[in-house]
Structures are given as structure tokens and as C-alpha cells.
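Q:
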Amino acid sequence: MITKITIHHFGPRAPYSFGLFEVLWTKGTNTISKDSLKTSLLQLECHFTWALLKEHVGLEALEETIRDHIKFVVESNIVDYNILSYVCHLKNSNEEALRNLRKAEEAIQKHHPGEIARRSLVTWGNYAWIYYHMQRYEEAQAYVSKVENSCKKLSSTADGKIQLPEICAEQGWAFLRFGRNYFERAKNCFENALKSDPDNPDFNAGYAIAMYRLEDCAERYGEEMKSCLEALKQAVELNPEDTTILALLALKLQRLKRGHEGERYIEEGLQKTPDSPVFLRHAANFYRKKGDVNKAVEILEKALALTPQSVVLHHQLGLCYRSLLQKTLHLKRTRYTPREEVENLIQLAIFHFKIVIEKKPVFFSAYGDLANIYALGRRYEEAEELFQEVLHRNDVPCRHYDQMEHDGITFMVVIV
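Numbering (the UniProt record's numbering), first residue to last: 1 to 416.
#1: Please work out which residues of its chain come closer than 7 Å, Cβ to Cβ, to Lys103, disregarding the five sequence neighbours upstream and downstream, and give them in chain order.
#2: For the putative contact between Leu121 and Ile167, defined by C-beta atoms under 8 Å, what is the C-beta separation to the nearest angstrom?
#3: How many angstroms separate the CA atom of Gly19 from the CA atom of Leu41?
#4: In this structure, does DSSP put residue 432 in helix, strand or coil?
#5: Does the distance from the CB of Leu59 to the CB of Val87 come in under 8 Å?
#6: Note the first and the last residue of the continuous alpha helix (DSSP H) segment covering Tyr380.
#7: Throw me the rounded Cβ distance for the Asp369 and Leu319 pair, which I believe falls under 8 Å.
#8: Would you mind sorting Val416 into buried or exposed? The rule is 16 or more other CB atoms within 10 Å of its CB.
#9: Is DSSP giving His260 helix, strand or coil here?
#10: Look at the Cβ atom of Asn126, then the Cβ atom of Ser85, and state whether they are nearer than 8 Å.
#11: Counting only runs of 4+ residues fully inside the UniProt repeat "TPR" (277 to 310), write out the alpha helix (DSSP H) ranges in chain order.
#12: Inspect the CB distances between the segment 202 to 217 and the segment 239 to 254 and report whether three or more fall short of 8 Å.
#13: Could you tell me the alpha carbon to alpha carbon distance between His69 and Glu223, rounded to whole angstroms?
#14: Anyone know if the C-beta pair for Ala349 and Arg393 falls short of 8 Å?
#15: Going by beta carbon distance, what residues of the same chain come within less than 6 Å of His112, once the five residues before and after it are set aside?
#16: How is Ser227 classed by DSSP in three states: helix, strand or coil?
#17: Would you identify the three-state DSSP class for Arg99, choosing helix, strand or coil?
#18: Which residue marks the beginning of the alpha helix (DSSP H) containing Trp50, and which one marks its end?
#19: Would you say Tyr182 and Phe190 are within 8 Å of each other, going by their C-beta atoms?
#20: In whole angstroms, what is the alpha-carbon distance linking Thr123 and Glu105?
#21: If you draw a straight line from the C-alpha of Gly377 to the C-alpha of Ile357, how long is it?
#22: Helix, strand or coil for Tyr221 per DSSP?
#23: Between Lys295 and Cys151, what straight-line distance do the alpha-carbon atoms span, to the nearest angstrom?
#24: With 8 Å as the threshold, decide whether the Cβ of Ile299 is near any Cβ in chain C.
#25: To the nearest angstrom, report how far apart Val293 and Leu324 are at their CA atoms.
#26: Specify the secondary structure class of Met211 as computed by DSSP and reduced to three states.
#27: In terms of residues, what are the limits of the alpha helix (DSSP H) holding Glu70?
#28: Are Lys146 and Leu90 touching if we call contact CB-CB under 8 Å?
#29: Do you know offhand how far Lys290's Cα is from Lys252's?
#30: Measure the Cβ-Cβ separation of Gly262 and Ala283 and say whether it is below 8 Å.
#31: Determine the closest residue to residue 488 out of Glu184, Gln163, Leu238 and Pro361, with distance taken between C-alpha atoms.
#32: For my contact list, Phe279 and Ala235 are in at a C-beta cut-off of 8 Å; report their separation, rounded to the angstrom.
#33: Just to confirm my understanding: we take Lys302, look at its own chain, exclude 5 residues before and 5 after, and list those with CB closer than 7 Å. What are they?
#34: Going by the CB atoms, is the gap between Ile66 and Ile83 shorter than 8 Å?
#35: How big is the Cα-Cα spacing for Leu317 and Gly172?
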């Protein structure tokens with residue numbers, strides 16, 4: 001309990017003042033400054049010190065993704081509740097953030113009863129930061145002290161500093177959640193974790209996913225990247241029940257023109273986890289790329305029934321309807337196709353792409369997808385409006401400007 005608040009006037013040039021003042025509070029006989037607390041907070045390893053910027057994600061979509069993951073992947077609940085607390089804070093919902101941290105603590109006590117301190121460092125760090133932002137400084141300091149004391153007990157060095165592989169891995173998972181700007185850092189985190197425990201299933205899974213994401217981005221932009229194939233194989237071997245890794249291996253094999261081999265893994269995954277939305281999304285992606293778009297739609301609709309707010313599923317469905325539309329327009333040149341069929345596909349694609357950009361405004365490629373559907377439907381003014389909207393935004397990465405310019409040229413050719 002705070003027993004005394006002291007306001008010290010330092011003058012305009014005071015090195016540690018907040019404006020003209022520094023706030024001190026007294027706990028018992030110890031007087032602690034807000035500045036000193038902030039310095040201690042910055043030393044913590046948690047989501048608040050990992051430079052995870054809300055500008056890089058759609059907070060609503062990310063929250064829904066994490067909640068869906070909690071529902072279907074119990075093994076990851078500690079990591080999920082920790083990052084969910086951070087997302088809730090970014091949405092100015094600190095009380096909800098605290099509730100999620102309490103759930104993380106419950107999961108730690110259930111799954112790691114003999115390693116409470118070791119497994120709680122990130123959770124306690126998040127607690128400290130949230131209480132700090134709520135101006136509950138005494139509670140913030142209490143959690144800082146818990147982390148510092150635990151680190152001293154766990155450390156073998158005199159300064160009490162430690163680098164736990166579990167924290168490196170949790171940081172890696174957080175980077176993966178925040179998107180392509182963080183994939184390289186995610187890979188580095190998992191590499192560091194693997195140095196301490198090379199055969200850890202979770203670390204290998206994270207490393208393989210980071211490598212797959214990096215390779216996917218590199219191929220999209222015509223860059224060179226080390227193959228993720230061996231990392232995926234190793235992760236599948238160590239995580240035989242993890243069908244997400246299995247699906248990514250199948251997709252990688254498909255890229256290597258080994259689709260028949262990859263499809264066996266997809267079929268295996270469908271048998272093991274027929275109700276896993278994440279696996280179903282990857283399976284649908286496999287069949288869409290194979291050309292079996294109707295099967296992809298069937299799988300995606302099943303996944304969407306399980307997680308109806310999933311931005312990624314809506315985007316995948318939009319891509320499927322676009323593929324069906326392009327195929328229908330191509331066949332229209334050789335046979336009669338009812339206008340109603342074409343219009344229905346256009347409306348379905350527009351419906352799903354609109355949901356994507358409404359729920360996740362930073363999903364920039366979806367704007368191009370939607371604009372191209374407008375163009376295919378001869379709704380040129382709406383297509384042009386959408387392109388101009390993105391081109392005049394100041395938060396679009398240069399790569400997306402290049403892509404939009406390219407799509408814009410294609411669009412102009414269509415008009416002519």
C-alpha cells in the first residue's frame with residue numbers, strides 16, 4: 001500500500017524528471033521513484049520489451065486468432081494467454097489482460113508444478129508492466145522483485161542474469177504472431193533456444209514454421225532463401241501428432257513438384273485431426289494449389305464453421321472463389337455460362353475479401369485481391385477507388401506499393 005506521495009521539483013533540466021516533476025512513492029521505509037521502476041521494467045524479458053508494434057497487426061483479428069488457438073490447441077495455452085494479455089493491453093483492456101495472466105498462472109501450475117518460477121518469468125514480467133500502466137506501482141514493483149529474485153536463484157552467475165531457452169522460444173512464438181516483419185527475429189530466437197536443447201519438439205516446431213514463413217515470403221518477392229525442408233522433416237519426426245507441421249511439410253513438397261508425396265501427409269492429417277481449423281486451412285491451401293478448388297472450398301467451410309471470425313479462412317475462401325471465377329470466365333469463351341453463375345462467384349469473393357480488410361486493415365494484399373475481383377466484374381470505379389486508397393496510405397510497406405503498382409498496370413490493361 002502506498003503510504004506517501006512526494007512531489008520533487010527538479011527544474012527544466014533535471015535528467016530524471018517527468019516534465020518538471022518526478023514522482024516518488026514510499027513502501028514501508030523504502031522510497032522508490034517511477035523512473036527507477038521503469039528502468040527495472042525495461043530489463044525484463046516479456047512481451048512489453050520485445051518491440052512488438054501494434055501497427056504491424058490487426059488487433060481484433062490477432063485476438064480472435066489467439067482465442068481460437070487456445071480453444072483447439074491446449075498444449076500452447078501458457079504462451080497464448082501471455083501474448084493475449086499483451087494484445088488486450090494494446091486494446092486498452094488492462095483488466096482483461098490481468099484475467100489472461102491469471103489463466104496463464106493456472107496453466108503453469110497445472111502443467112509445470114515443479115518449475116513454477118522458471119515458467120512464470122514472462123507472465124510475471126507482463127504483470128509488472130500492466131500494473132505499471134495502471135499506475136499501480138507497488139504491485140508492479142512486487143512483480144519486478146519476484147522476477148529478479150527468481151533469476152538470482154536460477155542463475156549460476158554472480159550478476160543473476162540468465163537466458164532460458166523457454167523464454168527465447170516464447171519470444172519466437174510472439175514474433176510469429178506479429179507477422180512477416182518479425183519472421184527473421186523469430187527464426188533467430190528458435191535457433192538460440194535450440195542451442196540449449198537441440199531435440200526439443202517445441203523449439204524445432206517453431207524453427208521449422210519460421211523457416212517456412214521466411215521461405216514463403218522470399219519466393220513471393222523473388223528472393224533466395226535456405227530451404228525449410230530439412231527443418232520441417234525434423235519437426236515432424238519430433239512432433240508426430242502435430243498436424244500443422246505435417247501440413248507445412250506437405251505444402252513444401254508440393255512446391256518441389258512432389259505433390260503426390262505431400263498429399264499422403266494431408267490425408268494422414270485429415271484422419272488425425274479432422275476438426276483442427278489450422279490444419280484444415282493448410283489442407284485447403286494444398287488442394288487449391290493442386291487445382292481441386294471445390295474440395296478446398298468444402299474444407300474451408302468446415303474450418304470456418306469451427307472458427308467463424310478467422311481472417312485467414314475468409315481470405316482463403318476469397319482466393320478460392322477468385323480461382324473458380326477465373327476458370328468460369330475462361331470457359332465462357334468456349335461454352336455458354338449463365339451470368340448468374342459468374343455474378344454469384346463475384347459476390348462470394350467480394351464478401352470474403354471485404355471481411356478480411358474490415359477485420360485486418362493491415363492485410364495489404366487483400367486490397368489488391370478485392371480490387372481485381374471488382375475489375376473482373378467490370379466494377380472499375382470501385383477497383384480504382386480501392387487502389388487509390390492503399391496507394392495514399394502512409395503505412396504500406398514499399399513491397400506492397402510495388403505489388404499494387406503492378407496490379408494497377410494489369411487493371412489498366414483490363415480496362416483497355
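Idealized CB from N, CA, C, for every residue including glycine. No experiment lies behind these values; they were computed from the predicted model shown.
A: The short version:
#1: So the list reads Tyr81, once near-sequence residues are dropped.
#2: Sure, about 6 Å apart at Cβ, within 8 Å.
#3: Because Gly19 carries a pLDDT of 36, less than 50, the predicted location of this residue cannot be relied on, and no value is offered for it.
#4: This structure cannot settle anything about residue 432, because the visible part of the chain is limited to 1 through 416.
#5: For Leu59 and Val87, yes; Cβs fall inside 8 Å.
#6: Here the alpha helix (DSSP H) through Tyr380 covers Tyr380 to Leu391.
#7: Indeed, because the Cβ distance is near 7 Å, the residues count as touching under 8 Å.
#8: In this prediction, Val416 has a pLDDT of 27, which is less than 50 and means its spatial position is unreliable; what the coordinates show is noted afterwards. Classification for Val416: exposed.
#9: Three-state result, His260: helix.
#10: Yes, the pair counts as a contact, with Cβ atoms nearer than the cut-off.
#11: Entirely contained in the UniProt repeat "TPR" (277 to 310), the alpha helix (DSSP H) runs reaching 4 residues are, in chain order, 277 to 290 and 293 to 306.
#12: Between the segment 202 to 217 and the segment 239 to 254, the count of C-beta pairs closer than 8 Å reaches three or more; the two stretches touch.
#13: Distance between the alpha carbons of His69 and Glu223: 31 Å.
#14: Going by beta carbons, Ala349 and Arg393 fall outside the 8 Å limit.
#15: Cβ within range, chain order: Arg119.
#16: The three-state reading of DSSP puts Ser227 in coil, since its state is none of H, G, I, E or B.
#17: Helix at Arg99.
#18: Secondary structure note for Trp50: it is in no alpha helix (DSSP H), with a DSSP letter that is neither H nor E.
#19: The Cβ-Cβ distance between Tyr182 and Phe190 does not fall below 8 Å.
#20: Taking the CA atoms as reference points, Thr123 sits about 7 Å from Glu105.
#21: In a straight line, the C-alpha of Gly377 is about 19 Å away from that of Ile357.
#22: In the structure shown, Tyr221 sits in coil (DSSP, three-state: anything other than H, G, I, E or B).
#23: When rounded, the distance between both Cα atoms is 52 Å.
#24: Reference to chain C is not applicable here, since this structure consists of a single protein chain.
#25: Straight-line spacing of the CA atoms in Val293 and Leu324 works out to 7 Å.
#26: Assignment of Met211 by DSSP, reduced to helix, strand and coil, places it in the helix class.
#27: Checking the sequence, you will find Ile at residue 70 rather than Glu. Per DSSP, Ile70 belongs to the alpha helix (DSSP H) from Leu59 to Phe72.
#28: No.
#29: A direct Cα-Cα distance of roughly 13 Å separates Lys290 from Lys252.
#30: Result no, Cβ atoms of Gly262 and Ala283 do not sit closer than 8 Å.
#31: The first residue shown for the chain is 1 and the last is 416, placing residue 488 beyond what the model contains.
#32: The distance from the Cβ of Phe279 to that of Ala235 is about 14 Å, inconsistent with a contact at the 8 Å cut-off.
#33: The residues are Leu280.
#34: Yes; because the gap between Cβ atoms is below 8 Å, this pair is in contact.
#35: So the two alpha carbons sit approximately 29 Å from each other.
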